[in-house]
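Chains as they are written, first to last, in the numbering used here: chain C, 1 to 440; chain R, 441 to 1229; chain W, 1230 to 1390. Glycine is no exception: its CB is placed at the ideal position from the N, C-alpha and C atoms. Because the structure is a prediction, the values reported are computed rather than measured. A quick write-up on the structure given underneath.
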Amino acid sequence: MAYLVSHPDEVKVISSRFGKGAADIDRYLELDGYKAVQMALQMGSEAVINEVKASNLRGRGGAGFPTGMKWSFVPKESAKPKYVLCNGDESEPGTCKDRLIFEHDPHAVIEGAMIAAIAVNAHKAYIYIRGEYRYLLEIMQKSIADVYARGFAGKNIFGSGYDLDVYWHGGAGAYEVGEESALMESLEGKRGVPRIRPPFPAVVGLWGGPTVINNAETLASVPHIIMMGGQKYADIGTPKNGGTRLFCLSGHLEKPGVYELPMGYNLKKMIYEVGGGISNGRKLKAVVPGGSSTPVLTADEIDIAMDFDSVAKAGSMLGSGGVVVIDDATCIVKFALRTMQFYRHESCGWCIPCREGTDWLNKTLTRFHAGGGLAKDIDNIRYLAENMLGRTFCPLGDAAAMPTIGFVKKFREEFEAHLEGKPCPFEKHGAISQLPVMSH
Amino acid sequence: MADAPKLVNITVNGKKTTAPAGTLLIEACKQIGIEVPSFCYYPGLSLQGACRMCLVEIEKMPKLQTACTTPVAEGMVVNTESEKVVQSRKAMLEIVLANHPLDCPVCDAGGECELQDMTYTYGAAESKFIDIKSHRDEQQWSPVVFFDRPRCILCYRCVRVCGEGMDVWALGVQNRGQGSVIAPNKQDHLECEECGMCIDICPVGALTSGSYRYKTRPWEMNHVGTVCTHCGDGCLTTVGVRRSDTGMEIVRCDNRDKSGINGDFLCVKGRYAFDFAANQERITQPLIKRDGKFVPATWTQAIELVADKFKQVVQKDGPQAIGVIGSNRTTNEENYLLQKFARLVLGTNNIDHHRTADFPAFAKAISENKARTASMRDVFEAPAVLLIGNDPTEQHPLLAWQIRNNVRLHRSKFYIVNSQAIKLRRQATQFVQIPTGAEARFVDFLSGNDAAAGTLTQAGASNENLSQLRDALKGEQNLVVIFGSELRGADISALVKFAAPQNAKFICLGDYANSRGAADMGLFPDLLPGYATFAGAARYQQEWGADVPALVGMDLKQMFGAARDGKLKALYVVGSNPVSRYALDPFVLQAPFVVVQDMFMTETAIAADVILPAAFAYEKSGTFTSTCGDLQMLRKAGDVVSVKSDFEIVVRIAEKMGYDVRKLVPFGKGLRADMGQSRGAQSGEADRHSVWLQARGLEPKVSPFDPLATLDEIQRLIPGYDVSQINLVSGNDEHTQLVQIQNASIPSHPELVVPSNDTLFTSGTLGRYSTVLNSVMERRATGKEVAAD
Amino acid sequence: MNFSDQLEARFADMLGHYPTKRSVLVPFLLYTQDELGYLTDEAIEEIAQRLDLTALEVRNVISYYSMLRTRPAGKYNVQVCTNICCLLRGGEEILEHARKKLGVAVNKGISEDGVFSVEEVECIGACSWAPAMQVNYDFHENLTEAKVDEILESYRKKAQQ
């Protein structure tokens, strides 16, 4: 079970029911549950979309696409059934927020998915939960059963004449499936290889039908938006960045945890006040601000507002809200290597630059960190990452390349400190063994 | 037909052009001669966007885009050679080469490898990668398919051609990331149709052929495109030959030349079953039986013996005492020559061949209804196809490919009527299963006899299914109707009559590479070339300058009967094994003088007095007519000293019998055969012509052994064969129509039709002597069909 | 082959969720693995047949997902995360400790008593509570070596019951 924390600066919207037993449907109803969906039924499709547009809600999965706009792309008329798909395949290293939502407020996700369905006039919604989160899948299964038992889902929901089915679906271990088209492939029982786009899912999605795909946190925000009104939600955040989000503070912090803070909250404050500062009295070296795929920020780049646009301006990305704090005793080369090891492991293998590029970078960084680095490796690492960037089949290649470029660019001296057989300055090393290097 | 898509304007590298809306950018570029490189893109197969080689710059798009997945759009401005694009391509190659073993010096694909070519063209000369390459050991997946993972670049062409193209789905992708690997369906081996298309389509040397690997280098071979010697579909196969001790050795067959009617397709036989040519049991010198034993002889001795014996029989017992059996595997020219030899040199109409379809009845039906035959190309384009009987996946693999891909790519409709649940049903719009042997009754039902329906429903189809099908068929314009040897005689006429009003075209399926040709060339005791009855013999007599014997001859079975009765004194069997095919008693051949021309000691050859070792299709020139009527030219590829083409043997026997061979082979005669002057002012042209012919494995028409001179005569005599010879010589197919010379009633003998019942892995005698086919069959587990995906 | 009644019920229920049969594949494979310990050849054939797929296609899918396996693991599969957040808080040391403690190689082999296998895994979504591991599906977070000892001991006891 995930642990709850709190801080006075928090604005509890999505987390408002955390720790209150809201996984129980009666408790959820006591806490104003399933009122928003009934309102949505009254409002009708267009009004719901407008409300969500007004909220400035942007996708919480990482890309930050405006949710209302995404919904408006779904064609009104469609020969094939339309679908809503909740992306609960949370896998971005540094991110553990959806887990809390599924554990403490699963009905909010269901209700959000229902409202999304009403907005785009879909009659089926799927909630995909990553395979490792089995206990959460079980909570969701029970929640859905409860919803059906109350007649909130199925035929003629809330006496509105609207039919809406909600289903659970489980994954089996694949980061790539978090990419929306790969998610659809996985749901259809296939390898999680992304699809060629266009067509985009809003037009051709699950089983060929128009499909809205939203992150679990995004959908869980929706009932609150309907209840409080889009404008009020938007007002919590910064311009074009409505509301709050769950920030997952991790790494070398005194008080790591998941905190709900307004969009645009200052990163430095987040680290030193909310997160309680750097643990063990060490100093801050770097921050990965939005999950492992976002470029690293150095200690003097952190005085920024945590919203999509401000972080982008600082040369990184807000991403999925995973703030990973790195202290000055950490080897950045090692950190870069572990990051790349992850992407190599998770590359679906479909396209050449991602499959071979992540492998190449992983091999080079492994050798490099072990003391077998050559001066030209540093430029080669960057060259390779830059040649992957923007050229892979899906964003996973970018996710591997971007942080790598950042590490080399911002911590070149740490790479140089590993050169020519020098042991990693941050680790206790024995003698460097003969490293497997091909002639060059 | 939908309206033609509208044209959109695009600019590529400053060149303005138009392309139909929906065209992929990579294709639009190709149209104007701009090559955008790619590994994974393959026309006709699903799009992948995986290799990232085709990234180009499109104005207003921040990222490079894959030309293989981007349809052209109005006003699109594209740069395929910008600095960014060039750098991206180079990097992509550097990246894919990182784990590539670079074992080009020993790789089968070396010299014909797309990765080599691209590296050469797009320059990834420097290797930045210095870490240890990932390695996996090579695997053998079947007797004919080997897989070398390190060389694989994961373009997924093999997976797609096997699944989408072949509907076999025997290859998949397993694991992920760097561990991704192409995997065979039985974990460590393949269970499939062994077509080898995965090998052909592989851009690198990851998939290699068990029969070719490590045998030679591509540049050490001559590559000769010729027509496959196996079934009647007429695929082009590219024969790779290399000098050997005994002539030109055939090292491989594949489908490098995709210009044939088979496009990308080639089956297991076309690809691997050439090895019988070098089988140790092949007869490579004339054999004369003395005291019950075959003794080697010289060609002169053998030909003299045969000519003397034939002459003796004709003089002593009369022409009716000698019979000739022709072949489904010799060329049109050879068959034509053989019937001419029988009729003019021997003076008999006792000529027949192993019939695998009722082509005379088909010719009659087409003629009576003024209908047309369909070419193999038509099958791929037709809006609808009806198949009655046969199992094309086994017996006509190219036809099956055409149907499947027409359904897949053109969404054509496809109706099947069969007594078995044949594999092609998976593509069928409607599949109607009828009882075994009920094909004719089905035609009767089609023709309006509703009572026939009652006898058709025992195999699962309902009355409603049947009526539905009939109604659907009546609504199909430009239908292609294909039927197997189950339909014969009057049933064929009824079928043609049913569909002809809808502008249908027809295909009658026969077995073997040239069974249609054998029938067209008049290997019948009662029909002249072009299915002419003797009533119309005048044209022939005029062309031949000799009389056609008046008496209708004996068919094959009658000849054997006559042999049994002691009336047949000599039998000349060319490239045929009637003893086995018709299950005839070989002992009846003890009395007559029997000459067999063949490659192997067949059941018929054993009974011979003289065996003349013959060349086969890949060792000679001439033409074949596919079962659809597509005429194509063979080119000589292999060569085995000491064997001769059937054409040459026949001419030499005739010559030894004292016949004027100019009457038999019109060499040096006629417009097409005119060589012009060999000296003087015009000689340059003649020389060039000669050189050109020789470069194509043809002989100038100055020799009595030149089949082209005979082709000229065939084209003069058989109206449907009057097609462009230039086109033929250029390696293209020309469809012949069954245009009848006369509307006289054509005799048909359904009882003489004996299908070969070859499967995908057998090919009569040739298959028996193919080590590869035998090994494939041994490895092949018995028949569970795999489900489609 | 026969699945348990529970698994059969699960299968029947899931089939009703989707317009295509194969959509049940990924979660159903995992449920089957939970029952059998790993995906046996027999189970693969059975599932393929039920879903009108080739066994090859089922294997293609299995091999893509890191949680699915075609070889047995220990009764308790100890999955230690060493991804960045756990790395920063001692995940590698936890993995090494578990490996030594149980005497099994990482990512291969099962302890002699058949109870444990050890796997190094990617991010399991416990970043704010690092270092973390899962034993089968149970999360264990904010780990220390002492805590790991305790946890493993409790599983060992459970296995003996």
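Residue closest to residue i, alpha-carbon to alpha-carbon, out of the options
i: residue 656 of chain R; options: R:551, R:609 and R:640; result: R:551
i: residue 409 of chain C; options: C:388, C:381, C:393 and C:421; result: C:381
i: residue 936 of chain R; options: R:540, R:521 and R:808; result: R:808
i: residue 878 of chain R; options: R:891, R:858 and R:888; result: R:858
i: residue 1370 of chain W; options: W:1377, W:1378 and W:1361; result: W:1361
i: residue 109 of chain C; options: C:86, C:94 and C:97; result: C:86
i: residue 299 of chain C; options: C:318, C:307, C:324 and C:309; result: C:324
i: residue 1078 of chain R; options: R:819, R:840, R:740 and R:687; result: R:687
i: residue 619 of chain R; options: W:1294, W:1355, W:1372 and W:1233; result: W:1294
i: residue 478 of chain R; options: R:490, R:741, R:471 and R:468; result: R:490
i: residue 1056 of chain R; options: R:978, R:871, R:899 and R:1089; result: R:1089
Integer-rounded CB distance, given that residue j should sit under 8 Å from residue i
i: residue 195 of chain C; j: residue 181 of chain C; result: 4 Å
i: residue 264 of chain C; j: residue 238 of chain C; result: 3 Å
i: residue 1187 of chain R; j: residue 966 of chain R; result: 5 Å
i: residue 991 of chain R; j: residue 789 of chain R; result: 6 Å
i: residue 260 of chain C; j: residue 11 of chain C; result: 6 Å
i: residue 726 of chain R; j: residue 1053 of chain R; result: 6 Å
i: residue 1375 of chain W; j: residue 1305 of chain W; result: The pair is not a contact, with the Cβ atoms about 19 Å apart (cut-off 8 Å).
i: residue 371 of chain C; j: residue 418 of chain C; result: 7 Å
i: residue 50 of chain C; j: residue 240 of chain C; result: About 16 Å separates the two Cβ atoms, so there is no contact after all.
Proximity test, Cβ basis, 9 Å: residue i and chain W
i: residue 485 of chain R; result: no
i: residue 1125 of chain R; result: Any reading at residue 1125 of chain R needs caution, since the residue's pLDDT is 47, under 50, leaving its predicted position unreliable; the model's value is listed next. Not closer than 9 Å to any Cβ of chain W, the Cβ of residue 1125 of chain R fails to qualify, so no.
i: residue 825 of chain R; result: no
i: residue 615 of chain R; result: yes
i: residue 868 of chain R; result: no
Coil, strand or helix - residue i by DSSP
i: residue 913 of chain R; result: helix
i: residue 364 of chain C; result: helix
i: residue 1381 of chain W; result: helix
i: residue 1268 of chain W; result: coil
i: residue 1298 of chain W; result: coil
i: residue 959 of chain R; result: helix
i: residue 262 of chain C; result: strand
i: residue 953 of chain R; result: coil
9 Å Cβ cutoff, residue i in contact with chain C
i: residue 1326 of chain W; result: no
i: residue 950 of chain R; result: no
i: residue 1322 of chain W; result: no
Status (buried if at least 16 other CB within 10 Å, exposed otherwise) for residue i
i: residue 402 of chain C; result: buried
i: residue 249 of chain C; result: buried
i: residue 95 of chain C; result: buried
i: residue 73 of chain C; result: exposed
i: residue 65 of chain C; result: exposed
i: residue 982 of chain R; result: exposed
i: residue 581 of chain R; result: buried
i: residue 69 of chain C; result: exposed
i: residue 156 of chain C; result: exposed
i: residue 932 of chain R; result: buried
i: residue 662 of chain R; result: exposed
Closer than 8 Å: residue i CB and nearest the ligand PLP heavy atom
i: residue 1024 of chain R; result: Here there are no bound small molecules, and the ligand PLP is not part of this structure.
9 Å Cβ cutoff, residue i in contact with chain R
i: residue 1284 of chain W; result: yes
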